[in-house]
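Numbering (the working numbering), first residue to last: 289 to 403.
Each residue gets a CB set at the ideal place from its N, CA and C atoms; glycine is no exception.
A quick write-up on the structure given underneath.
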Amino acid sequence: MTNQVQHQQNKQPPALKTFFESANVQNKIKELVGKNAATFATSVMQIANSNAMLKTADPMSIFNAACMAATLNLPLQNGLGFAYIVPFRNNKEKKTEAQFQIGYKGFIQLAQRSG
């Protein structure tokens, strides 16, 4: 049992910064947000580093949540209330994952855009 726990603890996700610096991720971000790719990546890393649970979350789940916000054209700053990246513990896989959640202002924004 202790070996399993140690083995799971050794399987740390790749660092968020190195994940966001990879060529595939950079290309996808450029597709989504265009010339604001560097600003977008920096803001996502800042949000992730400001939350202790998000620091340990799977970088791919953080990236997927950020892509959802970029697709909907909603800002991710927590103070604005449009959209959030929220960490959740996946007990089946014993890891922390990030999920995208729309705030009430985000719902209002999307409703206004749709007419």
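Taking only three categories from DSSP, how would you classify residue i?
i, result
"K380", "coil"
"A336", "helix"
"Q365", "coil"
"Q296", "Any reading at Q296 must be qualified, since the residue scores a pLDDT of 47, below 50, and its modelled position is unreliable; the value itself is stated next. Three-state DSSP puts Q296 in a helix."
"S331", "helix"
I'd like the span of the alpha helix (DSSP H) that includes residue i, first residue to last.
i, result
"T359", "347-360"
"S402", "392-402"
"A303", "Counting along the chain, A303 falls outside any alpha helix (DSSP H), and DSSP gives it neither H nor E."
"I323", "According to the sequence displayed, residue 323 carries Lys and not Ile. Counting along the chain, K323 falls outside any alpha helix (DSSP H), and DSSP gives it neither H nor E."
Name the DSSP beta bridge partners of residue i, please?
i, result
"V374", "Q387"
So, are the CB atoms of residue i and residue j less than 9 Å apart?
i, j, result
"F370", "Q387", "no"
Using the C-alpha atoms, what's the distance from residue j back to residue i?
i, j, result
"P347", "N379", "17 Å"
"M333", "K305", "7 Å"
"T327", "E381", "32 Å"
"E385", "L360", "21 Å"
"L364", "N337", "14 Å"
"S331", "F351", "12 Å"
"L342", "A303", "12 Å"
"Q300", "C355", "Bear in mind that the predicted position of Q300 carries a pLDDT of just 48, short of 50, making it too unreliable to give a figure here."
"G391", "A311", "31 Å"
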